[in-house]
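Going by UniProt numbering, the sequence shown opens with residue 1, and the numbers climb by one from there. From the three backbone atoms N, C-alpha and C, an ideal C-beta is built for every residue, glycine too. In this text, all values refer to a predicted model and were calculated from it rather than measured experimentally. Structure, as structure tokens:
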Amino acid sequence: MTSDPTPRNSRSTTRFDLVEGRIIMEATRLFAERGFAGTSLKDIAEATGLTRPALYHYVRSKEDILAKLVTELAELPAQALRAVNAEKKLSAADRLYRMARAVALLQATGPTRFQLLIRSEADLPPELVKRYTDSRRKVLHEFVAVIEAGMKSGEFRTVDARIAALSIIGQCNWIAWWHHDGTPEENERVADQIADLAVSSVQTAEDRYPEDNARHRALARLRRELDYLEQVIDD
């Protein structure tokens, strides 16, 4: 009687992911303490309780660890934001909230990794620099797109979409520098509030401060539409 190989493969995959995660965690700590240049693969192997040959089964070089960070902190988020922005059944405000919350939560749960990536930009090989730069541009593109969509639908006031997007991204990324060792509940709360602030920063005045006066709302909408028309003509 033969056994089903699926459970074994599943367990092997899970173990690989766990060990790889520990390697990245310890490497991140060592890089932060000693610097990228001051940390060797031998140091990382010892910190994770692996022999150097065993370490090579998971990572080939220190640059390989940085590549994994680029994937985790830049490429995957860019893909996730594109997926959220593609949900056109959601309002622009809902999409922006979900996008900002996703980035904020990523920074809240892994601040040290993001700090390391920023500090190690000079150590990235050219190919990795290109991947990292392309991913950041894609993130910016998605935020700009949702803000422009919100202006067209009347949900957001007329702003420079690129400046607004950069401001929101910066607000999310800055979490990594002031929020540390938060519980899951605290991380969620931070992400919720940052996302709410992101939407509020571009919402129309009538959405932020509801008015019962229909005439006031009509005039506000007319001014907004005229501002948007003027911006389109100038462009």
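About 6 Å separates the Cβ atoms of L105 and N187, confirming a contact at the 8 Å cut-off. The C-beta of A54 has fewer than 16 other C-beta atoms within 10 Å across all chains shown, which makes the residue exposed. Selection E185, R82, R22, P125 evaluated against A108 yields E185 as nearest (Cα-Cα). Under the three-state reduction of DSSP, F36 is assigned to coil, being neither helix nor strand. For the 8 Å CB-CB criterion, V129 and A78 do not form a contact. For A198, the closest of T183, H180, L222, G170 by C-alpha to C-alpha distance is G170. Where T133 is concerned, the enclosing alpha helix (DSSP H) starts and stops at 126-153. With respect to R52, L41 sits close: the two C-beta atoms are nearer than 8 Å. Going by DSSP, Q79 is part of the alpha helix (DSSP H) stretching over 76-85. Residue burial is scored here from C-beta neighbours: L222 has fewer than 16 other C-beta atoms within 10 angstroms and is therefore classed as exposed. The beta carbon of E20 sits closer than 6 Å to the beta carbons of Y58 from its chain, once the five residues preceding and following it are set aside; these are given in chain order. L226 places its beta carbon 8 Å or farther from that of I147. By the neighbour-count definition (other C-beta atoms within 10 Å, threshold 16), S120 is a buried residue. Its Cα nearest to that of A47, the residue E26 stands out among E26, A32, A149, V202. Taking C-alpha positions only, S61 is separated from L69 by approximately 13 Å.
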